[in-house]
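In our numbering, the protein residues as written are 9 to 179. Note that CB positions come from ideal geometry on N, CA and C, so glycine has one too.
Okay, structure coming up:
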């Protein structure tokens, strides 16, 4: 009896049917594994791709005829200059905590009011026909974003809506 069962189990016809590969199931499993691995290893800041329709700004060199009349703000390690005149003292680009006052935030504070007052004075002293809303911000490469943000927010609060950051081109 045992040999009949064994022969039946090892018969070539039955063996071919059971040993056939299910290609569709294997393809599904490999696809899932591939997607998992791609998602796992493809995440990171270096692989940022914009969505379709998103156009990122390019650095464009302007020639002399394209330049507008603008107020220049410079952020240096020890001071913030407005048209080459010191407006505010800083230490290593950081605003001193005593200058921040009670707010302790870099967006609405006495520092912002100091910069806003200086910008309003510049606008008031400009000739009536030469009033501009353009500001060019020159920040040292080591300047922290919080300081640059405070200066840009102050300029926008003073009515200067057209802000431009000066960058170094690759040319």
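Collapsing the DSSP output to three states places residue 171 in a strand.
In this structure, the CA atom of residue 29 is about 14 Å from the CA atom of residue 38.
Residue 103 is not a Cβ neighbour of residue 159, given a cutoff of 7 Å. For residue 145, the enclosing beta strand (DSSP E) has its first and last residue at 142-147.
According to the DSSP assignment, residue 156 belongs to no beta strand (DSSP E) but to the alpha helix (DSSP H) extending over 153-165.
Between residue 128 and residue 173, the gap from beta carbon to beta carbon reaches 7 Å or more.
Rounded to the nearest whole angstrom, the C-alpha separation of residue 63 and residue 130 is 35 Å. When the Cα atoms are used, residue 156 and residue 147 turn out to be separated by approximately 7 Å. Between the alpha carbons of residue 143 and residue 149 lies a distance of about 18 Å. Its chain contains 167, 168, 169 and 170 as the residues whose beta carbon lies nearer than 7 Å to that of residue 141, once the 5 sequence neighbours on both sides are disregarded; these appear in chain order. Assignment of beta-bridge partners to residue 79 by DSSP yields 143. Taking every protein chain shown into account, the CB of residue 162 has 16 or more other CB atoms within 10 angstroms, so this residue is buried. Proximity to residue 124 across 93, 165 and 84 peaks at 165, based on C-alpha coordinates. The C-beta of residue 35 has fewer than 16 other C-beta atoms within 10 Å across all chains shown, which makes the residue exposed. Cβ neighbours of residue 84 within its own chain (closer than 7 Å, five residues either side excluded): 148. In this structure, residue 88 places its C-beta atom within 7 Å of the C-beta atom of residue 95.
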